[in-house]
Each structure stands twice: as C-alpha cells, then as structure tokens.
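Scroll down for the structure; my scribbles are underneath it.
Written as structure tokens, this is what we have:
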C-alpha cells in the first residue's frame, strides 16, 4: 500500500532569516553562483517569486546529475516558508510524489533552516532519499557562506 513518508533536515546558519528566505523566494536564478551543486535553474512559467511559478533545476546529488521541474505551491512570507512540488524529471523515476518545504526561522543571532521532504516511493525497493537531505544540507551551508560574503 502506498504511503506518504516524511524526512527532515535542519541546519543552523549565520545569515539573517529574512535574507536567506528571500534568496530562495526571489533569487533562484543566482543559485548556480552560490553553490557548485546547482548547475542550472531556468524559469519555465510565471516569475521568479510567485506561487504557481515553474522552474527547471539541474543539480548534483549523491554524485549524480539530477534534473527536475517543480512548481511553487505555497509561499508564506510572514513565516518564511515555501513549498515546492516536483512535477516531472529524474526523481519521478523513483517517487510517485515529491514535495520539499523550506522554513527559515530566526534563532537568536543566527537562523534555523528546516527542510521537510514529503514523498511517496514508486515501490518498496526505492531507498529513502537520504542523499537529498544531504544535498539540501550542503546547499543550505553553501548559500549561507555565499550570503555572508555578499
């Protein structure tokens, strides 16, 4: 029986929560400059910072190039949260559904970035997506380092 599963990862960063959130919300096109793991981002539909926009991403996870197309399902500026849903691409070979939620929270002088993955495997032989939580952790750290230099 199919089952939606969840996996989380959290990273404490030095960048201000609003600045980090704004990078994901409205500056996706700059991400290949911020991390070697993101090789390309293209706007397919809509604009860079609105619900319903569609982007084509190419990135490296677990040593492999991955291409996906996602749609921004929800943005909550007050809580610094964005929900992305993958609608096509390499990941759909292993997963029937895939959502990634980003939430950035102030934490004293720092910020806490929380990623929540919700996914349904194509079958039970598909491994848990640990390599994607590792990718998101590294990506978050790379963006933080870039923003601190900017």
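Residue numbers (the numbering used here): 2 to 151. Cβ coordinates follow ideal geometry from the N, Cα and C atoms, glycine included.
Practice problem: Jot down the residue ranges of each uninterrupted beta strand (DSSP E) in the region 23-106, minimum 3 residues, whole runs only, in chain order. | Solution: 39-46, 55-62, 65-77 and 82-90
Quiz item: Thinking just about the alpha-carbon of each residue, which of 141, 148, 23 and 5 is nearest to the one in residue 13?
Solution: Locating residue 13 in the chain shown gives position 12, where the first residue counts as 1. Residue 141 is the option with its Cα nearest to residue 13.
Quiz item: With DSSP run on the structure shown, which of helix, strand or coil describes residue 20?
Solution: Translated into the one-based positions of the chain shown, residue 20 becomes position 19. Of the three classes helix, strand and coil, the one that applies to residue 20 here is helix, per DSSP.
Quiz item: Is DSSP giving residue 142 helix, strand or coil here?
Solution: The count along the chain shown starts at 1 and reaches residue 142 at position 141. Looking at residue 142 - three-state DSSP - the assignment turns out to be helix.
Quiz item: With burial defined as no fewer than 16 other Cβ atoms inside 10 Å of the residue's Cβ, what is the status of residue 16: buried or exposed?
Solution: In the chain shown, the residue the question calls residue 16 occupies position 15. Buried.
Exercise. Name, in chain order, the residues that DSSP records as bridge partners for residue 11.
Key: For the purposes of this step, residue 11 is taken as residue 10 along the chain shown, with counting starting at 1. Partner(s): 115.
Quiz item: Would residue 69 pass as a contact of residue 38 if the rule is Cβ separation under 8 Å?
Solution: Taking the chain shown and counting its residues from 1, the one referred to as residue 69 is at position 68. Taking the chain shown and counting its residues from 1, the one referred to as residue 38 is at position 37. The answer is no: Cβ separation not under 8 Å.
Self-check item: Separation of residue 134 from residue 6, as counted between CA atoms
Solution: Residue mapping note: residue 6 aligns to position 5 of the chain shown, counting from 1. Residue mapping note: residue 134 aligns to position 133 of the chain shown, counting from 1. Whole-angstrom Cα-Cα distance: 14 Å.
Exercise. Give the DSSP bridge partners of residue 150, in chain order.
Key: Against the chain shown, residue 150 aligns to sequence position 149. DSSP lists no partner for residue 150.
Exercise. Closer than 6 Å by C-beta to residue 99: which residues in its own chain qualify, once you throw out the five before and the five after it? Chain order, please.
Key: Translated into positions along the chain shown, residue 99 becomes position 98. Excluding sequence neighbours, residue 99 sits near 87, 92 and 120.
Exercise. Since I believe residue 118 is in contact with residue 130 (beta carbons under 8 Å), could you give me their beta-carbon distance rounded to a whole number of angstroms?
Key: Your numbering for residue 130 matches position 129 in the chain shown. Your numbering for residue 118 matches position 117 in the chain shown. Indeed they touch by this definition, with Cβ atoms about 6 Å apart.
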